[in-house]
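Read top to bottom, the protein sequences are chains A and B.
Per the working numbering, the first sequence runs over residues 1 to 799.
Per the working numbering, the second sequence runs over residues 800 to 1144.
The C-beta atom is built at its ideal place from N, Cα and C for all residues, glycine as well.
Quick caveat: nothing in here was measured; it's all calculated off a predicted structure.
Take a look at the structure below.
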Amino acid sequence: MLVSTKWLKEYVNTQELPPAELGEKITRAGIEVDAVIDRSEGLANLVVGYVTECVKHPEADKLSICQVDVGGGEIDQIICGAPNIAKGQSVIVARPGAKLPGGMKIKKAKLRGEVSNGMICSLQELGIESKLVPKSYAEGIYVLPEQAEPGTDVLSYLDLDDTVLELGLTPNRADAMSMLGVAYEVGAILEEDVRLPEIDYPEAAERAESLLSLEVDAPEANPLYVAKVVRNIQVKESPLWLQQRLMAAGVRPHNNVVDVTNYVLMEYGQPLHAFDYDSLGSGNITVRQAKEGEKITTLDDTERTLSAHQLVITNGTDPVALAGVMGGANSEVSDETTTVVIESAYFAADSVRRTSKDHNLRSDASSRFEKGVDPNRVIPAAERAAQLLAQLAGGEVLAGSLVSDHLDKQERIVKVSPDFINSRLGMKIRLEDMLDILSRLKFKTEAANNQLIIEVPTRRQDIQIEEDVVEEIARLYGYDEIPATLPRTDATSGGLSPYQAKRRIARHFLEGAGLLQATTYSLTSEAAATQFALEPTETTRLLMPMSEERSILRQSLLPHLLESLSYNTARRTDSAALYETGAVFLKGQDELLDEQEHLAIVMTGLWIDHSWQGEKKAVDFFVAKGIVEGLADKLGLELSFERGEMDGLHPGRTAFILLDGKRIGVIGALHPSEQKKRDLKETIVVELNLETLLARETEALVYTQVSRYPTISRDVALVLSKIVEAQTIEGVIRKAGGKLLKDVRVFDLYEGERMEEGKKSLAFSLKYFDPEKTLTDEEVNAVHEKIIHALTESGAELR
Amino acid sequence: MEARLQELKNEALGKIQAAQTVKELTDVRVAYLGKKGPITDVLKGMGKLPAEERPKMGALANEVRAEVTESLDAHMVILEEQAINEKLQSETIDISLPGRPAKAGNPHPLTRVVEEIEDLFLSMGYEIAEGPEVEKDYYNFEALNLPKGHPARDMQDSFYITEDILLRTHTSPVQARTMEAKGGEPIKIICPGKVYRRDNDDATHSHQFTQIEGLVVGEDIRMSDLKGTLSVFAKKMFGEEREIRLRPSFFPFTEPSVEMDISCFKCGGSGCNVCKKTGWIEILGAGMVHPNVLEMAGYDSKRLTGFAFGMGPERIAMLKYGIEDIRHFYTNDVRFLTQFQRTEL
Ligand SMILES: [Zn+2]
């Protein structure tokens, strides 16, 4: 909502406050002023000029040489390029030394050999947005609608010596979508009364009913309809003050009839519509639900097909307007119009909202009906329009109105006790201060039996319950006056749940291990949605995505994390290791999705880069596996790994991660073709179901006594077939080793050329230990022999 | 014999002084004091002496031996020290060479902000509540006093999956769910999480972003409690000198509703580009829980009242760290992420 402070003064005394200060007061009281716009910004030295002569420039088709009376008996020659320039016009002249927005300065100049003492201006050149300039002047200079004294200062003459406040209205403050509504708000803040427009105009002897009949077939969707008939009007340009007020309010002037309806809309917040009476052709207005498939061409020249739940205004047979949204082209006011029907109505909010949404058509009218207009302004707005048409279009207003009225216009009563108000606020506001605030708001209030009985004006549809009154009192009393206290609730322990605490532990572990935490989008493309998914399900698509790239909910964190890696390597960050925790979205039993929190890791490039001491190591499967194992240790879990395959991963370098034999994750090297596609070098990925990992209750930690007996080591080197896995051999060793074998560890792997084809050498370090005594060589040898026997039995050769 | 001993002594002392290294000196020791050395030889020859001269010569030989030993030991200390110094000299390294980098990752800046807020409220006895990102229209809107067709629904264009299921547009449904689950009991929670709105991604908009909200419900919770709580938050998060100011606003789920500004942490209130010359920075929205919201979750709004507040970690991080484009949070440029490594304490 754009509020001209100059116009606002007509309804309320703004106490000569500078606009910025007024804006600040409005903001602090509850309606945010988003911008304070000085309409004269950058303008200087502009005067009214009168074109006494205008001839074509001999050297240039498109230029005219004008002699312009700029006041003080001075006639200046000005060259003008506008197509609509003509002798006898009153125009805006920027004289040499004048300033225009954007820092442009006007100087005396020569154009194709002819002197030009300034410039004749369009409204756009004065900083008015093109979409607000009347269509007839959109391509040229602005011609003042009335003769004006040459030399007059343009800023005051055009009301550009004005500051506009741009209000950012929240949906509850529909009352402030009008100049009068804003006046009431400002009046309450400044403790000033509001002056309503005085409505007084001569009525014709003939009654409106003699020309028009009214029928409302849908009183629920249209509980109040008022029609007035004005005849003998002359459609023309509106006077300057009206055009300027509309432009200040962000509305483009058209002609006096349309402008009057828009002016009253801005003034009262009540949308009006004007029909050309003769085009109706029936002398009848019938409001009814549309017929399914019925058609109407609206004022924006769009043909629209209607549905039965939409409300239309008809001439008894055909639709002439989409009720509360937009008029029809068939009954539009034109220059030839002589008789108009003014419609002022109350259309139900949900009906308008639905229609407007169905047709994707929002207008100043629909946005007000949707939020609910003031039932008590429907009739005054019609009267105000009639008055202005009589004044500005020479119209003759027929006596009376056609009215169909089923609307409840009663003020709402809200009862609230002063104690309630103070207890909600934590304050001690005195009763008389509350009463003062309510009277400033023009809420009629009675105080009786420790209760305020408040009659809320119908313009304030947002005040419905006690808490609404609490807010009105608080905002005008001042939020700065509220003390700062802390809740007096019983002490709560609060704290993280075990799950949340463990998630933090996991995160800190991963960060400590050298991974950067990343965050990616949950929405992805069809192709990426199920790639790398541990348990892919049917995908979930948005009804109305913004793009295909962000249309489906992800089932794995990896595709976007890999995109992040590619993003980095494309920017010459060759080494990166990222992790993310976040939800994946699977189709479940419930109507909601099965959201699971996952953890994913991606790494590429160098893991260790310390080359001056000869240390350089690229990421590989085992770097990532070590991190996963470390995480499991941290969480007190035992994971196992099982060779596996997954699309997009290297078939020989992929394993599933198991917890209690259940698959909860995957670890692997990216498939070479996938690497190539993503422009990545060797890249390792991990994805784990974090929820399963963290949901597990961890065992209590019990200390094991540190033994005073020594551990004895023995190594064993084996030659094995390449396909035999280390964990299989480890299993054989552990089984044969029994209680005395404390630990088994791989310490060497050799697969080089000194080995027979298809063989490898694997060496283990075994640790023997007895918590009760020092083991003798004989005891150790006995077990070790047993292990070696078992190993050879299983096909391993001793090296 | 006596002369021979004196000669040997002088010879030995001369060689001791001449020795340059530990090894040379050790050789001297072996040469003169060893079992096959000349002094031993002299002593062996004592048998030929008359018995009465033997003690005198024995004493003299021991004297010579002691004197040589003493001189040798003293010189040995010096040479050993010298040797150590030479070794240390040869082992000197260039301490200006870079160290082996310790592996260290760090949290995402949004996590950093969220955790800081979480920790602050955890210390005040709050719990952390979480909920689904794909939510029912009921919890996202209806339970929050936003019935179907409510004009305020325009404020947040949503990603619907079906007519009744959508990506949550705020973390408030977690409040509704928690209230429903607590069945009328007092509540003190913080709800962080991801939310989604139908916005085109640009420098200041993101279709996915994070929110963190708080909710307190109990007997006699007042607006002053909200103000006090937010004031503690603002000071802990943005500095002790911060002041807060509340401005009336509107949210369907609170009444009264406010927006909170803090005095600018960059200029302290005198006006700068961070606060757009106003001295104040808008940080969060808040209010007293609307009675409809309480009633819908089964609370007696006459007996229990509450307050709620919500803010955007992206906005806070952008203000705090001077980040100019919200998309940085989601592109995961390593050069961006690694900047949030160090502490600010
Ligand atoms: Zn500042």
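N- and C-terminal bounds of the alpha helix (DSSP H) containing residue i
| i | result |
| --- | --- |
| F1135(B) | V1133 to L1136 |
| D1124(B) | Counting along the chain, D1124(B) falls outside any alpha helix (DSSP H), and DSSP gives it neither H nor E. |
| E563(A) | L558 to A570 |
| L887(B) | R853 to E890 |
| D159(A) | Counting along the chain, D159(A) falls outside any alpha helix (DSSP H), and DSSP gives it neither H nor E. |
| P672(A) | P672 to K677 |
| M434(A) | L431 to R440 |
| Q974(B) | S971 to K981 |
Residue i: contacting residues in chain A (beta-carbon distance under 9 angstroms)
| i | result |
| --- | --- |
| Y959(B) | L542, L543 and M544 |
| A942(B) | Those within 9 angstroms of A942(B) in chain A number zero; the least Cβ separation is about 15 angstroms. |
Boundaries of the beta strand (DSSP E) in which residue i is found, first to last residue
| i | result |
| --- | --- |
| N256(A) | Here N256(A) belongs to no beta strand (DSSP E); instead the alpha helix (DSSP H) covers N256 to Y268. |
| I92(A) | S90 to L100 |
| S1056(B) | T1053 to S1062 |
| N689(A) | T683 to N689 |
| L896(B) | No beta strand (DSSP E) contains L896(B), which DSSP labels as neither H nor E. |
| G813(B) | First-last for G813(B): E801 to A817, but that is the alpha helix (DSSP H), not the beta strand (DSSP E). |
Contacts of residue i in chain B (Cβ-Cβ under 8 angstroms)
| i | result |
| --- | --- |
| D800(A) | With chain A covering 1 to 799 only, the question about residue 800(A) has no answer from this structure. |
| P223(A) | The premise fails here: P223(A) is roughly 18 angstroms from chain B at the closest Cβ pair, so nothing lies under 8 angstroms. |
Cβ shell of residue i (< 6 angstroms), same chain only, five flanking positions each side left out
| i | result |
| --- | --- |
| T5(A) | P19 and T163 |
| T539(A) | A529 and I552 |
| V143(A) | Q89 |
| A188(A) | R440 and L441 |
| V719(A) | K759, S761, E797 and R799 |
| R231(A) | T339 and E396 |
| E215(A) | T286 |
| L160(A) | R39 and S40 |
| G630(A) | none |
Cβ-based neighbour list, residue i, same chain, cut-off 8 angstroms, excluding 5 preceding and 5 following
| i | result |
| --- | --- |
| T970(B) | G930, C990, P991, G992, V994, Q1010, I1011, E1012 and G1109 |
| G113(A) | E59 |
| M1036(B) | E915, I916, L919 and I1115 |
| E645(A) | P651 and T654 |
| G857(B) | L842 and M845 |
Cross-strand partners of residue i (DSSP beta bridge)
| i | result |
| --- | --- |
| M1110(B) | I1011(B) and L1083(B) |
| N284(A) | S213(A) |
| P991(B) | I1011(B) |
| M119(A) | A94(A) |
| G49(A) | V91(A) |
| M326(A) | L322(A) |
| F764(A) | V716(A) and V746(A) |
| A577(A) | M603(A) |
| S4(A) | V164(A) |
Beta-carbon neighbours of residue i, restricted to chain A and to distances below 7 angstroms
| i | result |
| --- | --- |
| H907(B) | Q517, A518 and T519 |
| Y925(B) | G494 |
| I964(B) | E591 and L592 |
| T1111(B) | Reading off the sequence shown, one finds Gly at residue 1111(B), where the question assumed Thr. Simply none; closest approach about 14 angstroms. |
Under 7 angstroms by beta carbon: chain B residues contacting residue i
| i | result |
| --- | --- |
| L425(A) | R1021, M1022 and S1023 |
| A324(A) | The sequence shown places Gly at residue 324(A), not Ala. Ordered by position in chain B, no residue passes the 7 angstroms Cβ test against G324(A), which lies about 14 angstroms from the chain. |
Partner residues on chain A for residue i, Cβ-Cβ distance less than 8 angstroms
| i | result |
| --- | --- |
| Y1129(B) | T519, T520 and Y521 |
| H1006(B) | Y521, L523, M546 and R550 |
Beta-carbon contacts of residue i that lie in its chain and below 7 angstroms, excluding the five residues immediately before and after
| i | result |
| --- | --- |
| K808(B) | V863, E866 and V867 |
| N262(A) | L246 and V251 |
| A44(A) | A98 and K99 |
| Q244(A) | L158 and D159 |
| F1049(B) | S1056 |
| E638(A) | A632 |
Report the residue ranges of all beta strand (DSSP E) runs contained in full by the region 710-741 of chain A; include only those spanning at least 3 residues, in chain order.
Qualifying beta strand (DSSP E) stretches, in chain order: 712-721.
May I ask you to list, following chain order, the residues of the region 725-751 of chain A that have a beta carbon less than 8 angstroms from some beta carbon of chain E?
Among the protein chains in the structure shown, which are A and B, there is no chain E.
List, from N- to C-terminal side, the alpha helix (DSSP H) runs of 4 residues or more that fit wholly inside the region 129-200 of chain A.
Counting whole runs of 4 or more residues, the region 129-200 of chain A contains the alpha helix (DSSP H) stretches 154-157 and 179-190.
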